[in-house]
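Chemist: I have a structure I would like to understand better, so I am pasting it below and will then ask my questions one at a time.
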Amino acid sequence: MSETFEPKIVAFLCNWCSYTGADLAGTSRMKYAHNVRVIRVMCSGRVEPTFVIKALREGADGVLICGCHPGDCHYHEGNYKCLRRYHLLQKYLEQMGIPADRLRLEWVSASEGKQFADIVNDMTEQVRELGPAGIKPVMDRLAV
Amino acid sequence: MEEQRIGVYVCWCGSNIAKMVDVEAVAEEIGRKPNVVISKNYKYMCSDPGQDLIVKDIKDHNLDRVVVAACSPRIHELTFRKALQNAGLNPYFFEMANIREQDSWVHEDRDAATRKAVDLISAAVRRIQFHEALDKRTVTIDPATLVLGGGIAGLSAALEIADAGKKVFLVERSGKLGGRAAELDLTFPYLNSARQMMAPILQRVQNHPDIDVFLDSHVDETFGYVGNFECTVVGKDGKETGLKFGNTVVATGLKTYDPSPMENYGYGKLPNVVTSVEFEKMLLDGKIETKDGKVPGNVAIIHCVGSRNKDIHEYCSRTCCVTALKYANQVCSALPETNVYELYMDMRAFGKGCEEMYARSSRRNIMFLMFDKEGLPTVTKAPAGDTCEMVVEIDEKLSGETVEVPADLVVLMVAAEAQENARDVAHAVGVSMCGNDFFIERHPKLDPVATTTDGVYIAGGCQGPKDIPDSIAQARAAASRILATIAQGEVNVEVTTAVVNEDLCCGCQTCISVCPYTAVSYDEEKNVSTVNEVLCKGCGTCGSTCPTGAIRSRHFTDQQILSQIEGLLSKEVA
Chain G
1 MSETFEPKIV AFLCNWCSYT GADLAGTSRM KYAHNVRVIR VMCSGRVEPT FVIKALREGA
61 DGVLICGCHP GDCHYHEGNY KCLRRYHLLQ KYLEQMGIPA DRLRLEWVSA SEGKQFADIV
121 NDMTEQVREL GPAGIKPVMD RLAV
Chain C
145 MEEQRIGVYV CWCGSNIAKM VDVEAVAEEI GRKPNVVISK NYKYMCSDPG QDLIVKDIKD
205 HNLDRVVVAA CSPRIHELTF RKALQNAGLN PYFFEMANIR EQDSWVHEDR DAATRKAVDL
265 ISAAVRRIQF HEALDKRTVT IDPATLVLGG GIAGLSAALE IADAGKKVFL VERSGKLGGR
325 AAELDLTFPY LNSARQMMAP ILQRVQNHPD IDVFLDSHVD ETFGYVGNFE CTVVGKDGKE
385 TGLKFGNTVV ATGLKTYDPS PMENYGYGKL PNVVTSVEFE KMLLDGKIET KDGKVPGNVA
445 IIHCVGSRNK DIHEYCSRTC CVTALKYANQ VCSALPETNV YELYMDMRAF GKGCEEMYAR
505 SSRRNIMFLM FDKEGLPTVT KAPAGDTCEM VVEIDEKLSG ETVEVPADLV VLMVAAEAQE
565 NARDVAHAVG VSMCGNDFFI ERHPKLDPVA TTTDGVYIAG GCQGPKDIPD SIAQARAAAS
625 RILATIAQGE VNVEVTTAVV NEDLCCGCQT CISVCPYTAV SYDEEKNVST VNEVLCKGCG
685 TCGSTCPTGA IRSRHFTDQQ ILSQIEGLLS KEVA
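Here the protein sequences come in this chain order: G and C. So the first sequence is residues 1 to 144, counted in our numbering. So the second sequence is residues 145 to 718, counted in our numbering.
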């Protein structure tokens, strides 16, 4: 039997809610899949589509973006900006032949350590089922 | 790029990290990365010897960049930035990799956690190569303070600050000062007159030379940043007053729950079912009587109306249990012939003197009946011919029996809830709300009066239900924080702001449309956008919107984040 596929997931977390929520999961010693690697941004509104594409291009199998719940953004409305881009980006990914499920946007507040852990576990399983994204080998071969 | 000299430090955090991450192997592997001059592991990097190690290495090895892999940057980023500063390096030549909260504490596979640590540190090492020196910016503090809300919390904060000789603008939306506390008859647990307590406070505030009171007034929006805020106070007659101030205390209080939707209690249908607010008014007027002016022979007081209820408010409103005991005592004293019933879920008589009050109350002629969250009492009109007007049916938890309690007056201990305009206030001053619309403090334990917006503090019921002493304590704590910044005279502000490269800017103004702080404006002459760095809070939304890449979010630049992504994925997860 072949080895279980361990997907690589890059997560962009906003500093005020989601990163703090992820820290809380740690402080509470909750266990979740090790496949996620976090990059901290001040606001989910800072997450450029380029960052998502770059992560997929460099070998990520999935990208997770987490921001404050609607209405709770530390910068008032950065998460709404993120949400709009997310919908467009999903369409773009589909057009490029990349399943839109490889990108996920979730709201995680500073008190939702459990939710963060659950999201990571859930997404890891979801991406595991999708299999490797396989974008990096193609791009490397094309040398772009 | 010129050669860089990076120092990497992997912390054990005692066994917190070392138990799940092979810190020695990690340090060794990272040490082989380009530009990494030294890579060490140490028991506690945040300790004085740990910081000294960094300072010494910076000097001995001429390091120009430092990466620490340890706990969350939210805990010790500032600690290490200071260490860099002590060694003469710009504090922004620092990056932290979070291998505790987001690695060793959340994984159970040591190999996987170790690989993850390597990835996270590799990302930091890549990222830091694009870090740049950022200079500290300070702004002076306007010594005036805006206090929103003229209840006991707002009044206490205002007096504390004004007594230190600093100006206070106190804005109250109603026509009088005092808030909820001024509507009370007696205070628990010692049953002292609230009016006697409030009178000197109100008098001092009204006559204080350093407090300007604005009644029937509101503030729709505040502008600026810590130390230098501005707003317009709008009065009842539409009169507008412009104010300048350095700090804000939000003390907008709370309101009570309207129990009409809870059909089991018959509020609004049965005339002698009243809320605790209405009953308090009766006590204040010195008349405990039914709607048709009769002395009630039976008074039933029902706890947790809207509180501890998963469909309404899940939280405990904190003050109602002891207030209910206060009511029972007052009825017993005023109407010795009347039967008093307390229908409660759990008796939460916490706080100084409150459990003692409960003990005293249980020796009086008060009947205590317990009910369960899942089976609330129901109030109905008594059948014709009964001596009482209503019947309260309760599944009594301790006896296991269903009991019918006679009642002529039913008092509902209604929940405390956030003000209906909490969202507007939150937007006006820039604070966040929790799920219940109460305002969120910066840290639930360690920083209970500050908010995530510098210069804005919260106190009293707007942060969550609380009694008078707790409201005053919080208000005075907020005041003392503010007085400390005023004494300093200046405060450090955000340096990680956005900046426009005018050569790349095409003048499309998309950035202006997304900025929540109106910090970006358009220079018509040059046909470019410009960022007001004092207004910019560094969210970076403009940076990710700019189609030409002309906007750089300092310390979160495209280059920094893209290289961080490369570093994260430079190795197979396996």
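Glycine is no exception: its CB is placed at the ideal position from the N, C-alpha and C atoms.
Can you give me the C-alpha to C-alpha distance between C:F358 and C:L469, rounded to a whole angstrom?
Modeler: 36 angstroms
Chemist: Given C:T289, which residues of its chain have a CB within under 6 angstroms of its CB, disregarding the five upstream and five downstream residues?
Modeler: I305, V312, F389, N391, I626
Chemist: Is G:G26 closer than 9 angstroms to C:E146 when the C-beta atoms are compared?
Modeler: no
Chemist: Could you tell me the boundaries of the alpha helix (DSSP H) in which C:T366 lies?
Modeler: Here C:T366 belongs to no alpha helix (DSSP H); instead the beta strand (DSSP E) covers 362 to 369.
Chemist: Could you give the DSSP three-state label for C:V418: helix, strand or coil?
Modeler: strand
Chemist: What I want to know is whether the C-beta of C:V575 ends up closer than 8 angstroms to one or more non-hydrogen atoms of the ligand ATP.
Modeler: The ligand ATP is absent from the structure shown, which contains no ligand whatsoever.
Chemist: What does G:I39 reach in chain C if we use C-beta pairs closer than 8 angstroms?
Modeler: Residues of chain C with a Cβ closer than 8 angstroms to the Cβ of G:I39 are, in chain order, A267, I705, Q708, I709, L712.
Chemist: Return the first residue and the last residue of the alpha helix (DSSP H) that G:M123 is part of.
Modeler: 113 to 130
Chemist: Could you work out which residue in C:G298, C:A256, C:Q340 is closest to C:I355 when comparing CA atoms only?
Modeler: C:G298
Chemist: C:I510 and C:E548 look like a contact to me (Cβ under 8 angstroms); what is the Cβ gap, rounded to whole Å?
Modeler: The Cβ separation is near 18 angstroms, so there is no contact.
Chemist: Quick one: Cα of G:A117 to Cα of G:A22, how far?
Modeler: 8 angstroms
Chemist: Please report the Cβ distance between C:V417 and C:V523, rounded to the nearest whole angstrom; I am assuming they are in contact, meaning their Cβ atoms lie under 8 angstroms.
Modeler: Sure, about 6 angstroms apart at Cβ, within 8 angstroms.
Chemist: At the 9 angstroms Cβ level, is G:H34 part of the contact set with chain C, yes or no?
Modeler: yes
Chemist: For a test of the three-state rule: what should DSSP assign to C:C606, helix, strand or coil?
Modeler: helix
Chemist: Who are the near neighbours of C:N179 in its chain, counting only those whose CB is closer than 6 angstroms to its CB and skipping five residues on each side?
Modeler: Q148, I150
Chemist: Work out the CA separation of C:F238 and G:R37 for me, nearest whole Å.
Modeler: 20 angstroms
Chemist: Looking only at DSSP bridge pairs, what is C:S697 linked to?
Modeler: C:A642
Chemist: Per DSSP, C:C155 forms a beta bridge with which residues?
Modeler: DSSP output for C:C155 lists C:Y186 as bridge partner(s).
Chemist: Does the CB of C:A214 have a neighbour CB from chain G at under 9 angstroms?
Modeler: no
Chemist: According to DSSP, is C:N408 part of a helix, a strand, or is it coil?
Modeler: helix
Chemist: Should C:R507 go down as buried or exposed, given a rule of 16 or more other Cβ atoms within 10 Å for buried?
Modeler: exposed
Chemist: Any beta carbon from chain C within less than 9 angstroms of G:S109's own beta carbon?
Modeler: yes
Chemist: Could you list which residues in chain G have their beta carbon closer than 7 angstroms to that of C:T252, in chain order?
Modeler: Reading the sequence as shown, one finds Glu at residue 252 of chain C and not Thr. Ordered by position in chain G, the residues that pass the 7 angstroms Cβ test against C:E252 are K31.
Chemist: Starting from G:C17, follow its DSSP beta bridges and name the residues at the other end.
Modeler: According to DSSP, G:C17 bridges with nothing at all.
Chemist: Considering Cα atoms alone, identify which of C:V466, C:P588, C:R567 is closest to C:F332.
Modeler: C:V466
Chemist: Find the nearest neighbour of C:A325 within the set C:G295, C:K425, C:L303, judged by alpha-carbon distance.
Modeler: Among C:G295, C:K425, C:L303, the Cα nearest to that of C:A325 belongs to C:G295.
Chemist: Comparing alpha-carbon positions, which option in C:R504, C:R698, C:G687 lies nearest G:T50?
Modeler: C:G687
Chemist: By how many angstroms is the C-alpha of C:T629 removed from the C-alpha of C:A623?
Modeler: 10 angstroms
Chemist: According to DSSP, C:P550 sits in a beta bridge with which residue or residues?
Modeler: Residue pairing by DSSP puts C:P550 in a beta bridge opposite C:V535.
Chemist: Return helix, strand or coil for C:S714, following the three-state DSSP convention.
Modeler: coil
Chemist: Since C:L328 and C:E424 should fall inside the 8 angstroms C-beta cutoff, what is the C-beta to C-beta distance between them, to a whole number of angstroms?
Modeler: 6 angstroms
Chemist: So what's G:M1 in DSSP terms, helix, strand or just coil?
Modeler: Because the pLDDT at G:M1 is just 45, under 50, the model does not fix this residue reliably, and the value given afterwards should be weighed accordingly. Here DSSP, grouped into helix, strand and coil, assigns G:M1 to coil.
Chemist: Between C:L724 and chain G, is the shortest Cβ-Cβ distance under 9 angstroms, so that the two count as touching?
Modeler: In the structure as shown, chain C starts at 145 and stops at 718, and residue 724 of chain C therefore has no counterpart that could be examined.
Chemist: Roughly how many whole angstroms lie between the Cα atoms of C:V717 and C:A562?
Modeler: Because the pLDDT at C:V717 is just 39, under 50, the model does not fix this residue reliably, and the point stays unresolved.
Chemist: Measuring only between beta-carbons, confirm whether G:V47 sits less than 9 angstroms from chain C.
Modeler: It does; some Cβ of chain C falls within 9 angstroms.
Chemist: With distances taken from CA atoms, which of C:A162, C:H205, C:R176, C:A268 is nearest C:M189?
Modeler: C:A162
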